[in-house]
Amino acid sequence: MSEASLPASRADEQAEVQRRLEDDIIFGRFAPGSRLVEDTLMARYGASRHYIRQALVQLERTGVVRREKNVGATVCSYSAEEVQQIYAVREMLTRQAALMIPLPAPPELIAHLKDIQADYCRHADAGNLRGIHETNDLFHLTLFSGCGNPYLVRTLQDYMGYTLPMRAKNLADHAGLQLSRRQHDIMIELLGGTDSWALAQLCVDHMQYSKADYLARTAGTAASGRLAIAD
Numbered sequence: 060m061s062e063a064s065l066p067a068s069r070a071d072e073q074a075e076v077q078r079r080l081e082d083d084i085i086f087g088r089f090a091p092g093s094r095l096v097e098d099t100l101m102a103r104y105g106a107s108r109h110y111i112r113q114a115l116v117q118l119e120r121t122g123v124v125r126r127e128k129n130v131g132a133t134v135c136s137y138s139a140e141e142v143q144q145i146y147a148v149r150e151m152l153t154r155q156a157a158l159m160i161p162l163p164a165p166p167e168l169i170a171h172l173k174d175i176q177a178d179y180c181r182h183a184d185a186g187n188l189r190g191i192h193e194t195n196d197l198f199h200l201t202l203f204s205g206c207g208n209p210y211l212v213r214t215l216q217d218y219m220g221y222t223l224p225m226r227a228k229n230l231a232d233h234a235g236l237q238l239s240r241r242q243h244d245i246m247i248e249l250l251g252g253t254d255s256w257a258l259a260q261l262c263v264d265h266m267q268y269s270k271a272d273y274l275a276r277t278a279g280t281a282a283s284g285r286l287a288i289a290d
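Mapping of the sequence shown onto the working numbering: residues 60 to 290, in sequence order.
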């Protein structure tokens, strides 16, 4: 039975299992490379094996989970080289999209971003990680929609998905969240001016904290593994 044909209550339950698993992954409760054992997940979420497997399939499609024969499901883990390559593409796309936004931006775009930013800050103050994640992505997609090229925006959205396991954890980090909030406010201010290059550079700089943090975390994990082997 497809998800579309499930009764509403069952579809909601399945979506809730997927949401909880995604939250545990993207907010760092399951580290990159961790095995996702079905029996453990069933106990953790009080869910059937069917729901767990469906959640793993869906998260594999979004690039959060990797499933391999004879290995099972694991949290996606990227090498330093892969991180650099993925972010290089995302940075190029981001810079181009930002440069294509006509400045001063339309007042309705700025007003919409201010509303989203207010929601983002409310979720941040309440510690609502899912709300923070969703409004953060909505802020950026709304901002880039101002470039007028939906194909570029969709490609950016795809790369935001690729980097989700690398960047979402920082939304649970106080320093990373405070920096994100400040930079969002400055982006909105720049939309009211005429300096496209400053806006584009800030949008690129905005990614660097999470990129550096992920590289540091994975380097630390690798070092711990080497020490364990040495011991």
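Virtual Cβ for every residue (Gly too), placed ideally from N, Cα, C. These figures come from a predicted structure and were not determined experimentally.
Comparing alpha-carbon positions, the option among F89, G207, R103 and M101 lying closest to L162 turns out to be G207. Restricting attention to L230, L258 and T222, the CA atom closest to the CA of Y146 is found in T222.
Contact between the segment 139-155 and the segment 256-268 is present: 3 or more CB-CB pairs across the two stretches fall below 8 Å.
At the C-beta level, Q176 and F198 come within 8 Å of one another. The segment 158-244 contains, as complete alpha helix (DSSP H) runs of 4+ residues, the segments 166-185, 188-204, 209-221 and 223-226 (chain order).
Around the beta carbon of G205, 16 or more other beta carbons sit within 10 angstroms, so the residue counts as buried.
Between the segment 99-114 and the segment 75-90, the count of Cβ pairs shorter than 8 Å is three or higher; the stretches touch. Within the model, the alpha-carbon separation for T133 versus M246 is close to 36 Å. N229 places its beta carbon 8 Å or farther from that of D184. For T153, the three-state secondary structure derived from DSSP is helix. Comparing alpha-carbon positions, the option among Q216, Q242, A170 and H233 lying closest to N187 turns out to be H233. Within a 10 Å sphere around the beta-carbon of E141 sit fewer than 16 other beta-carbons, which makes this residue exposed. Closest option to P165, judged by alpha-carbon separation, among S138, E248 and L274: E248. Judged by DSSP secondary structure, R125 falls outside any alpha helix (DSSP H) and instead within the beta strand (DSSP E) spanning V124 to E127. Between I169 and L250 the beta-carbon gap is near 5 Å, inside 8 Å, which marks them as a contact. Classified as buried, V123 has 16 or more neighbouring CB atoms from the shown chains inside 10 Å of its CB.
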